[in-house]
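Chains A and B, in that order, are what the protein sequence lines are. Just so we're aligned: the first sequence equals residues 102 to 312 in the working numbering. Just so we're aligned: the second sequence equals residues 4 to 251 in the working numbering. One structure below.
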Amino acid sequence: MTAEKHIAAGQVEEWVLVDEQDVDLYVRQAANSVLRIVLVNFHSATNVLHIDHTASNCRTEVYALAFLKGKEHVETKTCMHHDVGEGVSEQVVKFVLDDEAKGAFVGELKIKKDAQRVEAQQTNRNILLSRTATMRTQPQLEIYADDVKASHGATTGQLDESALFYMRQRGISPESGRRMLLHAFMSDIVEKVSDEHQRQVLVDAIDGVLE
Amino acid sequence: MMNLLEIYDLHASIAGKEILKGIDLTIRAGEVHAIMGPNGAGKSTLSAVLTGNEQYEVTKGTVLLNGKDLLSMPAEVRAREGVFLSFQYPVEIPGVSMVNFMRTAVNEKRQYEGKEPLSATAFLKLMREKRALLEMADKLNNRSVNEGFSGGEKKKNEIFQMAMLEPCLSILDETDSGLDIDALRIVADGVNRLKTPQNASIVITHYQRLLDYIVPDYVHVLADGRIVKTGTKELALELEETGYVQFE
Numbered sequence: 102m103t104a105e106k107h108i109a110a111g112q113v114e115e116w117v118l119v120d121e122q123d124v125d126l127y128v129r130q131a132a133n134s135v136l137r138i139v140l141v142n143f144h145s146a147t148n149v150l151h152i153d154h155t156a157s158n159c160r161t162e163v164y165a166l167a168f169l170k171g172k173e174h175v176e177t178k179t180c181m182h183h184d185v186g187e188g189v190s191e192q193v194v195k196f197v198l199d200d201e202a203k204g205a206f207v208g209e210l211k212i213k214k215d216a217q218r219v220e221a222q223q224t225n226r227n228i229l230l231s232r233t234a235t236m237r238t239q240p241q242l243e244i245y246a247d248d249v250k251a252s253h254g255a256t257t258g259q260l261d262e263s264a265l266f267y268m269r270q271r272g273i274s275p276e277s278g279r280r281m282l283l284h285a286f287m288s289d290i291v292e293k294v295s296d297e298h299q300r301q302v303l304v305d306a307i308d309g310v311l312e
Numbered sequence: 004m005m006n007l008l009e010i011y012d013l014h015a016s017i018a019g020k021e022i023l024k025g026i027d028l029t030i031r032a033g034e035v036h037a038i039m040g041p042n043g044a045g046k047s048t049l050s051a052v053l054t055g056n057e058q059y060e061v062t063k064g065t066v067l068l069n070g071k072d073l074l075s076m077p078a079e080v081r082a083r084e085g086v087f088l089s090f091q092y093p094v095e096i097p098g099v100s101m102v103n104f105m106r107t108a109v110n111e112k113r114q115y116e117g118k119e120p121l122s123a124t125a126f127l128k129l130m131r132e133k134r135a136l137l138e139m140a141d142k143l144n145n146r147s148v149n150e151g152f153s154g155g156e157k158k159k160n161e162i163f164q165m166a167m168l169e170p171c172l173s174i175l176d177e178t179d180s181g182l183d184i185d186a187l188r189i190v191a192d193g194v195n196r197l198k199t200p201q202n203a204s205i206v207i208t209h210y211q212r213l214l215d216y217i218v219p220d221y222v223h224v225l226a227d228g229r230i231v232k233t234g235t236k237e238l239a240l241e242l243e244e245t246g247y248v249q250f251e
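Next up, the structure:
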């Protein structure tokens with residue numbers, strides 16, 4: 102899916118993109134517009150999301166999840182450009198990688214010199230389920246305005262062993278415990294999908310991969 | 004009376020360092036055993052080894068639960084056979100609701116016993132009954148396991164889970180730590196009400212205070228990986244006076 106989109110002033114959009122092979126979006130947001138993108142991948146793909154705030158009071162939310170097995174690989178790049186002040190952006194990007202899967206996240210966040218009072222947040226959380234899975238993460242923050250709130254954080258780790266033991270001590274099998282922890286890890290992305298039917302389709306798809 | 008738990012010459016180590024250096028202990032149904040001792044004596048190691056924590060290596064010894072070889076069972080099977088640990092530091096599990104967690108635990112145990120899973124209605128009714136025992140709020144159901152719970156709520160939640168799972172052997176690891184006197188009373192009342200002639204408890208504690216509320220039949224002093232003294236509840240009072248210096 103390759104597209105250039107313009108979101109008109111005051112417009113509210115939510116795009117749910119599940120297992121698209123390649124996403125290359127260039128989006129320009131006008132004043133007071135809201136864009137939410139939920140991007141989910143279970144197979145190899147390259148994603149580029151380029152979003153410009155061209156006027157004030159824009160809001161952008163990017164929630165991305167890749168859950169990969171085998172030799173699947175996903176690279177997701179976001180280019181979040183605050184060209185004008187008073188905008189808000191929130192990005193939560195998660196990868197769950199098993200077997201020899203590979204993930205990459207490049208998060209470019211630019212706040213121009215006069216784009217004051219921007220609130221920009223970028224979070225990248227990754228779980229590696231095998232020793233041979235790999236994750237590369239690369240935040241690129243370029244902030245030229247001085248009156249902004251910008252934060253980013255990236256962590257890559259394994260499933261919480263102490264939580265798994267706690268569950269086993271209550272009689273829960275390691276398989277069920279893993280499944281519950283992974284569901285919990287992915288649920289905050291899934292919950293962002295407003296449409297109940299679409300959300301259920303996504304939950305079922307995740308269940309399918311978890312089996 | 005039947006032997007519920009038998010421990011013979013148990014040795015265990017972590018990262019090559021021996022912590023338990025030959026524990027012998029027999030617990031019969033209906034009994035409460037307190038294990039006291041200085042920090043680093045191996046109290047928490049004993050609970051970890053009994054519950055199947057794989058960080059510890061058992062290097063020698065035998066443990067039987069109702070006559071079955073406990074040490075050969077994985078942690079989840081020990082739990083389904085009736086071993087319950089009230090954790091000193093209950094783990095927070097963000098995103099996993101109490102109701103989902105508890106239903107999975109109860110139904111996997113039932114499946115192990117060859118029983119049908121509980122219906123949603125029966126399960127929620129059971130949750131409600133057991134919550135009342137610990138004076139816990141209804142909102143608990145939809146909260147993530149232990150997430151954002153106060154110290155007292157976490158310990159109540161442990162005993163609540165114990166009430167739900169009805170274990171034959173409960174190990175209470177420093178259950179009194181971090182509890183104010185009201186929470187301590189509620190937790191201890193809960194434990195006492197769950198006591199039956201068929202089950203038994205091991206109460207691990209550093210202080211005598213908890214034993215005013217949960218009265219033990221036997222008190223053991225654990226020091227440097229061995230049980231060095233066994234007595235009745237008067238021993239705990241004596242230790243309160245003298246401290247553990249004599250055993251260090």
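Backbone N, C-alpha and C define an ideal beta-carbon position, used for all residues, glycine too.
For alanine 108 of chain B, the enclosing alpha helix (DSSP H) begins and ends at 101-115.
Unbroken alpha helix (DSSP H) stretches of 4 residues or longer found wholly inside the segment 202-270 of chain A: 262-270, given in chain order.
Residues of the segment 261-282 of chain A with a C-beta less than 8 Å from any C-beta of chain B: Asp261, Ser263, Ala264, Phe266, Tyr267, Met268, Arg269, Gln270, Arg271, Gly272, Ile273, Ser274, Pro275, Ser277, Met281 and Leu282, listed in chain order. Annotation: phenylalanine 143 of chain A has no Cβ neighbours in chain B at a cutoff of 8 Å; minimum Cβ distance is about 20 Å.
Chain-ordered, the chain B residues with CB closer than 8 Å to the CB of serine 288 of chain A read Gly98.
Leucine 198 of chain A is bridged by DSSP to A:Leu169 and A:Leu229. Between threonine 62 of chain B and chain A, the shortest Cβ-Cβ separation is not below 7 Å. Judged by DSSP secondary structure, alanine 15 of chain B falls within the beta strand (DSSP E) whose first and last residues are 6-17. Between the alpha carbons of isoleucine 307 of chain A and lysine 293 of chain A lies a gap of roughly 15 Å. Contact annotation: in the segment 148-167 of chain B, residues whose CB is within less than 7 Å of a CB in chain A are Gln164.
If you draw a straight line from the Cα of serine 252 of chain A to the Cα of alanine 221 of chain A, it is about 6 Å long.
The alpha-carbon of arginine 237 of chain A is positioned some 35 Å away from that of threonine 107 of chain B.
Valine 224 of chain B and leucine 242 of chain B do touch by the CB rule: their CB atoms are close to 7 Å apart, below 8 Å. At a cut-off of 7 Å between beta-carbon atoms, glutamate 177 of chain B makes no contact with chain A.
Alanine 167 of chain A is positioned such that its CB atom lies closer than 7 Å to that of valine 175 of chain A. Chain-ordered, the chain A residues with CB closer than 8 Å to the CB of arginine 83 of chain B read Gly272. Using a Cβ-Cβ cut-off of 7 Å, alanine 132 of chain A does not count as an interface residue toward chain B, since no Cβ of chain B sits closer than that to its own. Contact annotation, glutamine 211 of chain B with alanine 239 of chain B: C-beta distance approximately 5 Å; criterion of less than 8 Å satisfied. A direct Cα-Cα distance of roughly 50 Å separates leucine 283 of chain A from threonine 245 of chain B.
The three-state secondary structure of threonine 155 of chain A, taken from DSSP, is coil. Membership of aspartate 123 of chain A in any alpha helix (DSSP H) is not indicated; the residue belongs instead to the beta strand (DSSP E) covering 123-130.
One thing to note: histidine 183 of chain A has its Cβ within 7 Å of the Cβ of alanine 216 of chain A.
Per DSSP, the beta-bridge partners of methionine 181 of chain A are A:Ile152 and A:Leu210. For arginine 81 of chain B, no beta strand (DSSP E) run applies; the uninterrupted alpha helix (DSSP H) run containing it begins and ends at 78-83, by DSSP.
Apart from sequence neighbours up to five positions away, the residues of its chain that approach valine 218 of chain B with a beta-carbon distance below 8 Å are Val35 and Lys236, ordered along the chain. The secondary-structure analysis by DSSP pairs isoleucine 174 of chain B across a beta bridge with B:Leu88 and B:Ile205. Taking the beta carbon of alanine 165 of chain A as reference, no residue of chain B falls within 8 Å; the closest one sits roughly 18 Å away. For leucine 67 of chain B, the secondary structure class from DSSP, reduced to helix, strand or coil, is strand.
Contact of alanine 108 of chain B with chain A by beta-carbon distance below 8 Å involves Met268, Arg271, Gly272 and Ile273. A distance of 7 Å or more separates the beta carbons of isoleucine 189 of chain B and glutamate 150 of chain B.
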